[in-house]
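Colleague: Residue numbers (UniProt numbering): 1 to 459.
Glycine is no exception: its CB is placed at the ideal position from the N, C-alpha and C atoms.
Attaching a single structure in C-alpha cells format; questions to follow.
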Amino acid sequence: MDDFMPKTDDKPPFEFLSRKPYTPPSWAANLSPIPSHIFSLGHFPTPIHKWNLPDLPEGTEVYIKRDDLSGMQNKIRKLEFLLAEAVAQGADCIVTIGGIQSNHCRATAVAAKYLNLDCYLILFTSEALIDKDPGLTGNLLVERLVGAHVDLISKEEYAGIGGVALTNILKEKLLSEGRKPYVIPAGGSNSLGTWGYVEAVREIEQQLGKGSGGITFDDIVVACGSGGTIAGLALGTWLSGLAAKVHAFCVSDYPDYFYDHVQGLTDGLQAIVSSHDIVNIQNAKGLGYAMNTTEELTFVQEIAKATGIVLDPVYSGKAAYRMMRDMAKNPEKWEGRKVLFIHTGGLLGLYEKTEQIAPLVGNWRRMDIQASIPRQVGADISNSISGWSDWKEMGHGTYISAGGWSFLLGRLNCRYGKLHAVSLRITTGFFVENTIVLAEGKMLLDGIFQVKTCGFPPL
Ligand SMILES: *Cc1c(COP(=O)(O)O)cnc(C)c1O
C-alpha cells in the first residue's frame, strides 16, 4: 500500500518532499486525533519582518509573516498533513473543489503532482461561463500546465448542492473506474488541515525565541476564506504561550458562519474551547467574494508602492485594508501594540484584476537614446568555446563577429574605421586566456565588425 518513499522512517537525503513521522508541540499533545505523518512541501520557517505601513496609530508597530513566500502560500501548510494522509491511504488521485481562481486548488494540483498523484478539480464560476473554455488566467494557467482535470460548475450549483456532495459525486465516479481518490474539502479546511496553522504557531514561537530581541506580539491579523487558517492559528495561539489576540477578517460568508465553522474544526480535535474566546472575526467581504472595489485595489497598489509588499486582492488585500481602516477609525484600540499580519499569499489572483488595476499603475515610456552613442561590448559575450578553431583561423586574418562568438571582451570604442588595441579573453569551462590584439576594421551591424588586419601573439 504505502510504497511512497521512504519505506522506513530513515532520514532522507533531502528534506523537501520527504514524509516524516509527526510529533505535535507539547502544548498541542492533548488534541486528538494527532496526525501520524507530515510531508515537507513548503519552505519554512517563512520570514517575519517589520512592515513599515504608512499612517499607523501612535506607537503601533506592524510586522508581517511572509507565508506568501512558503512556495505555495497558506494552503501548503494544510496540504503537508492532508497529502501525508492521502499517501498513507494509498490514494492515486486527489479530488478537491473551489472557486474558478482558487489558490487552494492550484496548490493542491501542484503538490499532488510533486507526489505523483493525479488531481481532479471542481471549479465554480458564473452560470454564463460553465460551457466555455475557462482560459489560462492566473491559477488556471498553473492548474492546466500541471495537467489537473477541471470540471466546471455554476456558483448556484455549488451553493445548492454543496461542496461535500459534489466532491462525492466525482469520488464515486473515480471509484467506479478503479481509481483510489482522496477528497480534500474546499480550502483544505477540515480538522486535519487545521494542524497546518497549529504548526505555524510553533514556528512563530520558535522565531520569537531565537534572537528576535524579546519581541512579543499583542495581535495576530489574518484573512479568512474557508476557516482552516484561523482555526489553527487561534487554537495554537490559545494553547501555546504566544498570548496574542487573533483577529480574522473574513472575505466570504459572515462572521457567525465562521465562528460556527471554527467551532466545528476545534471540536473535531477535542479542544474544549469556544471559538468566540479564541478569535475575533470581522467582515471584510465588501462587494462579495473575489470582487473588489476601486478603493481596495488602490490600497493594494499604494501598499505595494510604499512597502514592496504585494497583497492579493481576494484575501490579504481585503484583510489589510480593513485592518488599516479600523486603525484609522479606532486608533486607541491599536496604539502602542505590536501586530503580526500574516500574508497568506495568492499573488496569482491579481492577474484576474489587471483591467481594474490598469488605471492605477505607473506610466511607461520609450527610452530616449541618441543614435550616435557607440556600442560597448561587455563581458556577456564570452560564454562558449564554439568558435575556438575559427578563432585561430581568424587569427590569420579574416573576420570576427562579436555577436554570436565567444571571445570578445573589453571595450571596442569604435564605430566606423579603426579598431585599436582590443583585449581578447577566451573563456571556457577549462581554459582562460587573456591577450591583446591589434586590429583594423569596421562595424558592419550592431555587434558585428569586420577586421581587415589583425595580429596577436602566437598561441
Ligand atoms: C485560502 C486563502 C486564504 C484563507 O485561508 P482559509 O484557511 O481558507 O480561511 C487566505 N489567503 C489566501 C491567499 C488564500 O488562498
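Taking 7 Å as the line, does the beta carbon of D312 fall inside it for any heavy atom of ligand 1?
Modeller: The count along the sequence shown starts at 1 and reaches residue 312 at position 312. Yes, the Cβ of D312 comes within 7 Å of a heavy atom of ligand 1.
Colleague: Using only the alpha-carbon positions, how far apart do V142 and S40 sit?
Modeller: Residue mapping note: residue 142 aligns to position 142 of the sequence shown, counting from 1. Residue mapping note: residue 40 aligns to position 40 of the sequence shown, counting from 1. Cα-Cα distance, rounded: 21 Å.
Colleague: Can you tell me whether D267 is buried or exposed, with buried defined as 16 or more other CB within 10 angstroms of its CB?
Modeller: Your numbering for residue 267 matches position 267 in the sequence shown. It is exposed - the Cβ of D267 has fewer than 16 other Cβ atoms within 10 Å.
Colleague: Please report the residue range of the alpha helix (DSSP H) in which R66 lies.
Modeller: Taking the first residue of the sequence shown as 1, we reach residue 66 at position 66. R66 -> not in any alpha helix (DSSP H); beta strand (DSSP E) instead, spanning E61 to R66.
Colleague: Closest to F299 by CA distance: which of Q356, S191 and G264 is it?
Modeller: Here residue 299 refers to the residue found at position 299 when the sequence shown is read from its first residue. Taking only the C-alpha atoms, the option nearest F299 is Q356.
Colleague: According to DSSP, is K338 part of a helix, a strand, or is it coil?
Modeller: One-based indexing of the sequence shown puts residue 338 at position 338. Here K338 sits in strand by DSSP.
Colleague: Within 10 angstroms of its Cβ, does Y257 collect 16 or more other Cβ (buried), or is it exposed?
Modeller: Your numbering for residue 257 matches position 257 in the sequence shown. Per the 10 Å Cβ criterion, exposed.
Colleague: Taking 7 Å as the cut-off, is the C-beta of G213 nearer than that to any heavy atom in ligand 1?
Modeller: In the sequence shown, the residue the question calls residue 213 occupies position 213. No, since every heavy atom of ligand 1 falls outside the 7 Å radius drawn around the Cβ of G213.
Colleague: If I'm right that Y114 touches V95 with Cβ under 8 Å, what's the distance once you round it to whole angstroms?
Modeller: The residue given as residue 114 occupies position 114 in the sequence shown. The residue given as residue 95 occupies position 95 in the sequence shown. In fact, because the Cβ distance is near 17 Å, the residues do not count as touching under 8 Å.
Colleague: Determine the extent of the alpha helix (DSSP H) in which G232 is found, giving its start and end residues.
Modeller: Position 232 of the sequence shown holds residue 232. Unbroken alpha helix (DSSP H) run through G232: G228 to L239.
Colleague: Taking C-beta to C-beta, are A223 and T194 nearer than 8 Å?
Modeller: Numbered from its first residue, the sequence shown carries residue 223 at position 223. Numbered from its first residue, the sequence shown carries residue 194 at position 194. In this structure, T194 does not lie closer than 8 Å to A223 by Cβ.
Colleague: Tell me the rounded alpha-carbon separation between G227 and Q270.
Modeller: Stepping through the sequence shown from its first residue, residue 227 is reached at position 227. Stepping through the sequence shown from its first residue, residue 270 is reached at position 270. Computed Cα separation, rounded: 17 Å.
Colleague: Tell me whether the stretch 329-346 and the stretch 62-72 touch, counting them as touching only if at least three CB pairs, one residue from each stretch, are closer than 8 Å.
Modeller: yes
Colleague: Closest to P45 by C-alpha separation, out of G187, R365 and R77, would be which residue?
Modeller: What you label residue 45 is simply residue 45 of the sequence shown in a count that begins at 1. The residue with the shortest Cα to Cα distance from P45 is R77.
Colleague: Is W405 helix, strand or coil by DSSP?
Modeller: Numbered from 1 along the sequence shown, position 405 holds the residue referred to as residue 405. Residue placement at W405 is flagged as unreliable, the pLDDT there being 37, under the threshold of 50; the coordinate-derived value follows with that caveat. DSSP places W405 in coil when its eight states are reduced to three.
Colleague: With a threshold of 7 Å, establish whether the CB of N103 neighbours any heavy atom of ligand 1.
Modeller: As a position in the sequence shown, residue 103 is number 103, starting the count at 1. Within the cutoff, so yes.
Colleague: Give a yes or no on whether the C-beta atoms belonging to V251 and Y289 are separated by under 8 Å.
Modeller: Position 251 of the sequence shown holds residue 251. Position 289 of the sequence shown holds residue 289. Their beta carbons are under 8 Å apart, which means V251 touches Y289 by this criterion.
Colleague: With DSSP collapsed to three states, give me the class of F14.
Modeller: For the purposes of this step, residue 14 is identified with residue 14 of the sequence shown, where counting begins at 1. Coil at F14, not helix or strand.
Colleague: Between S316 and ligand 1, is the CB less than 7 Å from at least one heavy atom?
Modeller: For the purposes of this step, residue 316 is taken as the residue at position 316 of the sequence shown. Within the cutoff, so yes.
Colleague: At which residue ranges does the stretch 117-165 contain complete beta strand (DSSP E) runs of 3 or more residues, listed in the order of the chain?
Modeller: Unbroken beta strand (DSSP E) runs of no fewer than 3 residues, entirely contained in the stretch 117-165, are found at 118-125 and 149-154, following chain order.
Colleague: Could you tell me which uninterrupted alpha helix (DSSP H) segments, each at least 4 residues in length, are contained entirely in the stretch 245-272, listed from first to last along the chain?
Modeller: 255-267
Colleague: If you drop the 5 nearest sequence neighbours on each side, which residues of the same chain put their C-beta closer than 8 Å to that of E203?
Modeller: Here the question's residue 203 lines up with position 203 in the sequence shown. Taken in chain order, the residues that qualify are F44, P45 and T46.
Colleague: Please name the residue in D118, S154, D368 and T167 whose C-alpha comes closest to that of L145.
Modeller: As a working note, residue 145 is residue 145 in the sequence shown. For the residues D118, S154, D368 and T167, the minimum Cα distance to L145 belongs to D118.
Colleague: How long is the line joining the alpha carbons of A109 and L17, rounded to whole angstroms?
Modeller: Within the sequence shown, the letter at position 109 stands for residue 109. Within the sequence shown, the letter at position 17 stands for residue 17. Linking A109 to L17 through their CA atoms gives a straight-line distance of about 15 Å.
Colleague: Using the C-alpha atoms, what's the distance from F81 back to K20?
Modeller: Along the sequence shown, read from residue 1 onward, the residue named residue 20 stands at position 20. Along the sequence shown, read from residue 1 onward, the residue named residue 81 stands at position 81. Their Cα atoms are separated by approximately 10 Å.
Colleague: Which same chain residues end up closer than 6 Å to G378 when comparing Cβ atoms and leaving out the 5 residues on each side of it in sequence?
Modeller: As a first step, residue 378 must be located in the sequence shown, where it is residue number 378. Low confidence applies to G378: its pLDDT is 49, below 50, so where it sits in the model is not reliable enough to give any reading.
Colleague: Do we get a CB-CB distance below 8 Å when we pair P313 with the residues of chain B?
Modeller: Protein chain content of the structure displayed is limited to a single chain, and chain B is not contained in it.
Colleague: Please classify V300: does DSSP put it in a helix, a strand, or coil?
Modeller: In the sequence shown, counting from the first residue as 1, residue 300 sits at position 300. Helix at V300.
Colleague: If you draw a straight line from the alpha carbon of R322 to that of L136, how long is it in whole angstroms?
Modeller: Working through the sequence shown from its first residue, we reach residue 322 at position 322. Working through the sequence shown from its first residue, we reach residue 136 at position 136. Their Cα atoms are separated by approximately 30 Å.
Colleague: Please name the residue in L350, L69, I373 and A88 whose C-alpha comes closest to that of Q301.
Modeller: As a working note, residue 301 is residue 301 in the sequence shown. The candidate whose alpha carbon is nearest that of Q301 is L350.
Colleague: Can the beta-carbon of L152 be found closer than 8 Å to that of L123?
Modeller: Numbered from its first residue, the sequence shown carries residue 152 at position 152. Numbered from its first residue, the sequence shown carries residue 123 at position 123. It is a contact, given that the beta carbons lie within the stated cut-off.
Colleague: What do you reckon, are the CB atoms on C93 and P181 nearer than 8 Å?
Modeller: Sequence index remark: in the sequence shown, residue 93 carries index 93 (1-based). Sequence index remark: in the sequence shown, residue 181 carries index 181 (1-based). Result yes, Cβ atoms of C93 and P181 sit closer than 8 Å.
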